[in-house]
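Here is the structure we will look at.
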Amino acid sequence: MNWAILEGLKRRVSGMLGAWVDELPSILWEMRMTPMSASGESPFSLAFGTEAVLPPEMVFLTLCTITFEQGDSEEGLRANLDLLEERRAEAHLRTLSYKKATARIYNRKVCPWSIKARDLILWKNEVRDPTRVRGKLAPNWEGPYRVYDVVREGTY
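Residue numbering for the sequence shown follows UniProt numbering, starting at 1 and increasing by one per position.
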């Protein structure tokens, strides 16, 4: 999520360092209105049960805004709210199947690897420095170290 915000800011600001404050609300709006690939629904529609009217549709009239009736709209909102739990359950099932398919594709490419005595390994720095006292720019790995004995899988 933070990655998407940063990428949106890079695209829109691109050199004007102080302008990111003005662009942030529109980027957040865009993220809330865009359907997620896993669920097929936008976060706004899962929260409120309906799609939002975009600001340009309020300025430049569209068929949806021209034919708007307040009474019909309230009835439609009530109907959407009645079906909201069902939509959320369907989105949850789509998300689960998406994650399962992603895991299947990932696991197809993964090769199991066991470490034996006399192998060279690198040590992840998160283990030695969990609070990142040394800073963000410190090396991620230490080593290489030689394995002398394998006690059990994952313990050397």
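All C-beta atoms in this analysis are idealised placements derived from N, C-alpha and C, irrespective of residue type, glycine included.
Computed from a prediction, not measured in an experiment: that's the story for all the values here.
Per DSSP, the bridge partner or partners of residue i
| i | result |
| --- | --- |
| E142 | W123 |
Contact under 8 Å by Cβ, residue i with residue j
| i | j | result |
| --- | --- | --- |
| I121 | V150 | no |
| E41 | A91 | yes |
| R94 | A47 | no |
| A117 | Y148 | yes |
| S23 | L6 | The question names Ser, yet the displayed sequence has Glu at residue 23. Against a cut-off of 8 Å, the Cβ pair of L6 and E23 comes out as no contact. |
| P25 | R32 | no |
| L84 | G49 | yes |
Proximal residues to residue i (C-beta, below 6 Å), its chain only, five neighbours per side dropped
| i | result |
| --- | --- |
| E51 | S45 |
| G76 | none |
| R152 | none |
| W20 | L9 and V13 |
Simplified DSSP state of residue i, which is helix, strand or coil
| i | result |
| --- | --- |
| T95 | helix |
| T34 | coil |
| T102 | helix |
| R152 | strand |
| K109 | helix |
| K10 | helix |
Same chain only: Cβ atoms within 8 Å of residue i, ignoring 5 sequence neighbours per side
| i | result |
| --- | --- |
| P139 | N125 |
| Y145 | L120, I121, L122 and W123 |
| V133 | none |
| G143 | L120, I121, L122 and W123 |
| D129 | A138 |
Cβ shell of residue i (< 7 Å), same chain only, five flanking positions each side left out
| i | result |
| --- | --- |
| L28 | none |
| R88 | L46 |
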